[in-house]
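Below is one structure, written out as structure tokens, with a few remarks after it.
Chains as they are written, first to last, in the numbering used here: chain A, 1 to 114; chain B, 1 to 113.
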């Protein structure tokens with residue numbers, strides 16, 4: 001089965017530093033997502049991206065967050081100035097299109113902010 | 001707003017025993033319902049989904065789930081659990097992916113040899 005690839009699997013950073021989480025969605029997919037899961041809590045939606053622009057974002061996705069598809073294969077999530085509460089597992093996901101298509105998730109990047 | 005509850009935080013079963021994981025949802029219209037599994041260090045893998053039609057849906061790895069509209073439930077079942085089924089299981093509901101695609105808090109399954 002095709003896979004969504006996320007790198008790195010674990011990222012440690014100091015509070016206030018910028019981090020970029022990288023994802024390679026499945027090649028023919030058109031819709032891209034970031035979700036996060038704080039330890040012991042629910043998986044939460046952050047942002048969806050289609051046709052090179054954000055199509056929807058949650059309250060969590062404030063000005064400190066941005067997404068980009070820089071080269072047609074990568075899909076990145078940038079946190080400009082990390083806070084302790086940004087520590088979480090971040091999942092990238094992608095799908096082909098249509099309302100009932102399967103959503104493929106990556107294995108996640110565990111972000112630890114110290 | 002839609003919501004999902006999974007009443008059991010942690011369930012332990014013996015290998016070979018049957019399993020039922022509970023999921024209750026609140027949704028204003030006909031829901032799309034999903035079960036995902038997350039093994040340690042892995043991403044979220046779709047086990048099965050319900051959109052319409054037969055209320056008993058079959059998924060991968062021998063799992064099935066039954067949609068009961070009257071009870072707002074979508075419980076996951078497996079007749080005989082294997083040690084490799086130990087993982088976190090998430091129920092999710094939504095009409096489309098994005099803001100309105102909501103995950104439950106998860107149920108952690110432990111399997112005794």
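C-beta: ideal position from N, C-alpha, C; glycine also.
Check                                                                                                                            : Outcome
Of the residues B:18, B:37, B:102 and B:31, the one placed nearest residue 108 of chain B, counting alpha carbons only           : B:37
Contact with chain B by residue 16 of chain A, beta-carbon distance below 9 Å                                                    : no
Residue 78 of chain B in three-state terms, based on DSSP                                                                        : strand
Helix, strand or coil at residue 45 of chain B [DSSP, three-state]                                                               : strand
Buried or exposed by the 16-neighbour rule on C-beta atoms within 10 Å, applied to residue 104 of chain B                        : buried
Simplified DSSP state of residue 69 of chain B, which is helix, strand or coil                                                   : helix
Three-way DSSP call (helix, strand, coil) for residue 26 of chain B in this model                                                : strand
Contacts of residue 49 of chain A in chain B (Cβ-Cβ under 9 Å)                                                                   : Per Cβ cutoff of 9 Å: no residues; residue 49 of chain A is ~10 Å from chain B at best.
Residues in the segment 57 to 89 of chain A having any Cβ partner in chain B nearer than 9 Å                                     : 57 and 58
Within 9 Å of chain B by C-beta, residues of the segment 8 to 36 of chain A in sequence order                                    : 9, 31, 33 and 35
Residue span of the beta strand (DSSP E) that contains residue 80 of chain A, given as start and end                             : Where residue 80 of chain A is concerned, there is no enclosing beta strand (DSSP E), given that its DSSP letter is neither H nor E.
Whether residue 59 of chain B touches residue 47 of chain B by CB criterion (9 Å)                                                : yes
Beta-carbon gap between residue 21 of chain B and residue 56 of chain B smaller than 9 Å                                         : no
For residue 87 of chain B and residue 43 of chain B, the rounded distance between their alpha carbons                            : 11 Å
Rounded C-alpha distance that separates residue 90 of chain A from residue 11 of chain A                                         : 11 Å
Contact set for residue 18 of chain A: own chain, Cβ-Cβ below 6 Å, skip 5 residues either direction                              : 80
Contact the segment 37 to 49 of chain A vs the segment 58 to 73 of chain A: 3+ CB pairs below 8 Å                                : yes
Nearest to residue 62 of chain A (by Cα), restricted to the options A:43, A:26 and A:82                                          : A:82
Three-state class that DSSP yields for residue 60 of chain B in the structure shown                                              : helix
Contacts that residue 28 of chain B makes with chain A (C-beta to C-beta distance below 9 Å)                                     : What residue 28 of chain B touches in chain A: nothing, since even the nearest Cβ is about 16 Å away.
6 Å Cβ shell around residue 94 of chain A - same chain, five flanking residues per side excluded                                 : 4, 25, 26, 29, 32 and 104
Spatial neighbours of residue 16 of chain A in its chain, beta-carbon cut-off 7 Å, leaving aside the 5 residues before and after : 81 and 82
Separation of residue 40 of chain B from residue 53 of chain A, as counted between CA atoms                                      : 33 Å
Simplified DSSP state of residue 14 of chain B, which is helix, strand or coil                                                   : strand
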